[in-house]
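So that you can map any letter, position 280 of the sequence shown is 286 in my numbering, and since no number is skipped, the others follow by simple counting.
Reviewing the structure listed below.
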Amino acid sequence: MSQHRIKDLHFRFEPFGSRAYRALQYSVLTAGLVAMAAITVPGIRAEPRAWLIIGLWCCLGFFTFELAVRLWSRSDPKKRGLNYLFSAAGAIDAIAVLPIPIALLFGVPTEIAWLLASLWLLKFTALVPGLSLLWRVISLESRALASVLVIFLIVLLLAAVALHVFEGVEQPEQFGSLPLSLWWAVTTLTTTGYGDAVPETFLGRVIAGIVMICGLGVFGLWTGILATGFSAEHRRRDFIRTWDLVTRVPFFRKLDPPAIIEITRMLRRLDLAERTVVVRRGRPGDCMYFIASGEVEVKLEPRPIRLGPGSFFGEMALLERGPRIATVVTTLPSTLLILDVSDFHAFTALHPDLAQVVEAEAARRASAIKSETSVRP
Ligand code: CMP
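Structure follows, in structure tokens:
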């Protein structure tokens with residue numbers, strides 16, 4: 007196939023990321039998994055079973071076709087063909103497709119071979135955005151998580167040894183060997199507690215109590231580390247997104263990098279649909295807004311005024327410490343950056359030149375309103 011045709015294929019089949027295609031993938035996966043589960047049901051009749059297996063072959067055909075297209079349609083020659091199989095996505099695509107026919111060729115019973123269809127789920131790990139966030143948090147917090155894991159293993163082993171010593175003679179079937187005691191320690195430390203092995207001696211019970219409390223502590227620590235990691239990662243991502251928006255507002259261009267970091271921390275992002283009321287005339291003002299994208303309309307009489315990306319509004323109520331002078335409504339889907347009143351005063355105190363810009367604009371707007379109202383009959 008010529009280079010030109012390959013590029014063609016790339017354009018035709020790489021809407022793999024489109025919503026419709028994703029919906030198709032999810033439908034094929036769901037149908038495949040349901041069929042896989044259904045053929046394991048004992049007593050299913052031959053005819054529906056045959057249809058289910060045909061359905062499974064169709065799903066496998068779909069994923070094989072997808073793999074084939076991806077193998078040959080990559081625009082980058084370094085990622086095409088067998089090279090694709092050595093990438094993470096390529097390996098997952100191959101793992102989803104190859105094991106089933108191989109198992110069937112080696113004579114594995116049909117129900118068992120088709121259980122490998124559960125590997126199709128791996129293809130969807132890349133589509134779940136939360137998973138990449140989870141991986142990032144786990145890798146960032148790996149040291150803290152590993153130290154809790156070490157504590158977990160120490161408590162596990164010590165508890166198993168202690169129970170083997172104290173209970174081994176009394177209950178050889180449950181605690182007669184270290185592996186048996188380890189089973190008890192795992193179910194107790196993870197607070198699962200099947201109750202199949204219960205210490206009977208006084209010391210055994212004391213140790214069991216300590217292990218249960220340690221189990222709660224260890225899982226509390228893990229949860230705490232992951233929760234803090236998630237919130238730190240969210241803050242980092244928010245910061246980067248807000249930073250990107252701040253650089254689009256000319257008002258902040260004069261600021262040096264430390265001041266940009268400072269204002270980025272102060273600003274909050276607000277995404278609004280069109281025709282949303284942002285501020286209402288007469289209401290007290292507790293923040294001002296910078297337009298990162300979109301457009302708003304200031305409902306002034308007799309002529310409303312439109313403000314576009316880079317402009318700001320809502321400053322007059324903050325400077326006058328009074329009510330909003332006009333209602334402001336979005337005319338397009340807009341992204342605004344909000345600066346709260348306390349941050350506004352702190353920031354303008356540190357950057358008097360910017361304070362002057364805001365004050366001059368507020369004065370100009372106030373006089374424009376005055377002249378408009380004085381001209382009106
Ligand atoms: P505030 O009074 O807090 O809320 C309404 C906002 O509309 C006001 O602050 C100004 O930011 C903005 N505004 C008022 N008059 C004008 C004008 N003439 N041109 C542009 N914006 C205005």
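C-beta: ideal position from N, C-alpha, C; glycine also.
Source: prediction; values computed, not measured.
Using 7 angstroms as the cut-off, classify the Cβ of residue i as near or not near the heavy atoms of the ligand CMP, replying yes or no.
i                 : result
alanine 369       : no
valine 304        : yes
phenylalanine 319 : yes
valine 363        : no
arginine 330      : yes
valine 334        : yes
glycine 314       : no
valine 156        : no
glycine 300       : no
methionine 398    : This structure cannot settle anything about residue 398, because the visible part of the chain is limited to 7 through 383.
phenylalanine 288 : First, the amino acid is wrong: residue 288 is glycine here, not phenylalanine. Answer for glycine 288: no, Cβ out of range of the ligand CMP.
valine 285        : yes
alanine 323       : yes
isoleucine 297    : no
alanine 374       : yes
glycine 291       : yes
isoleucine 311    : yes
How many angstroms separate the CA atom of residue i from the CA atom of residue j?
i             : j              : result
alanine 366   : glycine 288    : 22 angstroms
glycine 215   : glycine 201    : 14 angstroms
alanine 368   : glycine 230    : 47 angstroms
glycine 174   : leucine 232    : 38 angstroms
lysine 376    : arginine 274   : 32 angstroms
arginine 149  : alanine 95     : 27 angstroms
glutamate 303 : valine 363     : 21 angstroms
valine 224    : threonine 194  : 12 angstroms
glycine 199   : tryptophan 189 : 10 angstroms
glutamate 53  : glycine 67     : 21 angstroms
leucine 91    : alanine 119    : 22 angstroms
tyrosine 27   : leucine 133    : 12 angstroms
cysteine 293  : glycine 226    : 39 angstroms
glutamate 307 : arginine 247   : 36 angstroms
tryptophan 57 : threonine 46   : 14 angstroms
leucine 2     : glycine 113    : The question about residue 2 has no answer, for the chain in this structure spans 7 to 383.
glycine 87    : leucine 121    : 28 angstroms
proline 135   : serine 79      : 25 angstroms
glycine 320   : leucine 360    : 15 angstroms
Only counting the same chain, and skipping five residues up and downstream in sequence, which positions put a Cβ closer than 8 angstroms to that of residue i?
i                : result
leucine 128      : Ile98, Ile101, Ala102
phenylalanine 17 : In this prediction, phenylalanine 17 scores a pLDDT of 43, lower than 50, which makes its location untrustworthy; the coordinate-derived value is nonetheless stated afterwards. Nothing meets the Cβ criterion.
arginine 309     : Glu378
leucine 169      : Phe181, Ser187, Trp190, Ala191, Pro205, Gly210, Ile213, Ala214
arginine 254     : Ala298, Ser299, Pro315, Gly316
For residue i versus residue j, is the C-beta spacing smaller than 8 angstroms?
i                 : j              : result
proline 290       : alanine 323    : yes
glutamate 280     : threonine 336  : yes
valine 284        : tyrosine 295   : yes
leucine 155       : glycine 235    : no
glycine 38        : leucine 73     : no
leucine 111       : leucine 251    : no
proline 339       : leucine 276    : no
phenylalanine 353 : isoleucine 269 : yes
valine 143        : glutamate 301  : no
alanine 332       : lysine 305     : yes
lysine 272        : leucine 345    : In the sequence as presented, lysine is not what sits at residue 272; that position holds methionine. Yes, Cβ-Cβ distance for methionine 272 and leucine 345 is below 8 angstroms.
alanine 5         : leucine 184    : The structure shown does not extend to residue 5, since the chain is modelled only from 7 through 383, so no value can be given for it.
Excluding the five sequence neighbours on either side, which residues of its own chain have a C-beta within less than 7 angstroms of the C-beta of residue i, listed in chain order?
i              : result
glutamine 9    : With a pLDDT of 47 at glutamine 9, under the threshold of 50, the modelled position of that residue is not reliable, and no figure is offered here.
arginine 371   : Met322
glycine 221    : Thr194, Leu195, Thr196, Thr197
serine 33      : none
methionine 218 : Thr194, Thr197
threonine 207  : Phe172, Glu173, Glu176
Skipping 5 residues on each side, what residues in its chain have a beta carbon closer than 6 angstroms to that of residue i?
i                : result
leucine 35       : Trp126
phenylalanine 69 : Ala102, Val103
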